[in-house]
Amino acid sequence: AKAVGRPVKLMLTRKQMFTSMGHREDQSQTLQLGATADGKLTSLIHTKVSTTSPWDEYAESNSKIIDLLYACPTFEASYEMARANVMTSTFMRAPGEAPGSFALECSMDDLAARLGVDPIEIRLRNHADI
């Protein structure tokens with residue numbers, strides 16, 4: 186950009202993306218939600234197990250943003266690392282909160298369906314006032 190004096194855009198092929206860039210960690214997430222009959226959250230437990238390389242430890246902060254999204258009196262987050270024969274993971278296309286937020290939103294949809302509450306309404310009832 187400095188050499189040509191204007192913005193430049195780097196576009197990688199899919200093959201290049203997977204061979205020249207870092208990658209996200211393999212992970213398994215479990216969310217347990219407790220709620221009243223009308224859908225008000227009472228507890229949220231988020232656990233994650235993810236892979237890391239034999240020589241380094243890298244964990245995405247999947248649960249870092251959860252308590253900023255929804256008000257819940259009881260919130261617990263934990264993670265475990267599993268060493269594997271892989272390269273050390275790194276950020277890829279979005280901050281590490283993206284997979285955790287996706288898992289939470291899927292869980293909120295499941296909770297809404299179980300309680301027979303509109304998915305938007307259950308989010309409004311639990312919106313965190315920051």
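Remember, the working numbering sits 185 above the position in the sequence shown when you count from 1.
Glycine included, every Cβ here is placed at the ideal spot set by N, Cα and C.
DSSP-derived helix/strand/coil call for residue i
i: Leu-296; result: helix
i: Arg-183; result: Only positions 186 to 315 of the chain appear in this structure, which leaves residue 183 out of reach.
i: Ala-288; result: helix
i: Leu-253; result: helix
i: Pro-192; result: coil
i: Ser-248; result: coil
i: Thr-204; result: helix
Those residues which DSSP pairs with residue i across a bridge
i: Asn-234; result: Before going further, note that residue 234 is Val rather than Asn in the sequence given. Ser-213 and Glu-265, per the DSSP bridge assignment.
i: Tyr-243; result: Note: Tyr-243 sits in no beta bridge, so no partner.
i: Phe-260; result: Leu-229
i: Ala-222; result: For Ala-222, which the question treats as bridged, DSSP gives no partner whatsoever.
i: His-312; result: Tyr-255
Proximity of residue i and residue j at Cβ, strictly below 8 Å
i: Leu-226; j: Tyr-255; result: yes
i: Arg-268; j: Thr-237; result: yes
i: Glu-242; j: Gly-281; result: no
i: Pro-304; j: Asp-294; result: yes
i: Leu-126; j: Ala-222; result: This structure does not reach residue 126, given that the chain is present from 186 up to 315, and the question cannot be answered.
i: Gln-212; j: Val-234; result: yes
i: Thr-275; j: Gly-224; result: no
i: Leu-289; j: Ile-251; result: yes
Nonlocal neighbours in the same chain, by C-beta distance under 8 Å from residue i, ignoring five residues either side
i: Val-193; result: Ala-186
Residues near residue i by beta carbon distance below 6 Å, same chain, minus five either side
i: Ala-262; result: His-231 and Ser-248
i: Pro-284; result: Asn-247
i: Pro-239; result: Arg-268
i: Leu-229; result: Leu-218, Cys-257 and Phe-260
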